[in-house]
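Under mature numbering (1 follows the signal peptide of the UniProt record, and there is no 0), read the sequence shown as residues -18 to -1, 1 to 82, first letter to last.
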Amino acid sequence: MALVAVAVSVTFPVSCPAVVLETVKRAERHPDAIVLRFYEAYGGEATAAVTTFLPVARVVMCNALEDGGADLLLSGGTIQLVFKPFQVVSVLVFLKTLTK
């Protein structure tokens, strides 16, 4: 289990210690996307930068049912997320398809 936690923290590092990346999973309705679910753990407002080296096409806010919402600005493989106390935030990360 510790090896998985290290792999996730390297693949999706989060800049703020108050924000926890709780879930990384394949999206249910989008075969080219993964879901990242975060929460604010300290009971305060927080802003976190999340970075990845994966080939990302776009990132979209979503709800718990993975219904897409607003597109997030992706700059250099990094998105900015803003949290209220104890807020849970889910995003859909659409990966670029690699063609031969």
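No residue lacks a Cβ here, since even glycine has one placed at the ideal position from N, Cα and C.
Query	Result
Considering only the beta carbon of each residue, do V34 and V64 sit closer than 8 Å?	Reading the sequence as shown, one finds Thr at residue 34 and not Val. No, the Cβ-Cβ distance between T34 and V64 is not below 8 Å.
In the DSSP output, what is A31 paired with across the bridge?	Q62
For a test of the three-state rule: what should DSSP assign to M(-18), helix, strand or coil?	Low confidence applies to M(-18): its pLDDT is 49, below 50, so where it sits in the model is not reliable enough to give any reading.
From C(-3) to A31, what distance separates their C-alpha atoms?	7 Å
I'd like the list of long-range same chain contacts for F(-7), defined as Cβ closer than 8 Å, with 5 residues on each side in sequence excluded.	L3, V6, L18, V32, T33, T34
Would you kindly check if the distance between the Cβ of C44 and the Cβ of L77 is under 8 Å?	no
Taking E10 as the reference, give the member of E48, Y21, L36, G25 with the closest Cα.	E48
Per DSSP, which one or two residues make a beta bridge with Y21?	V2, V70
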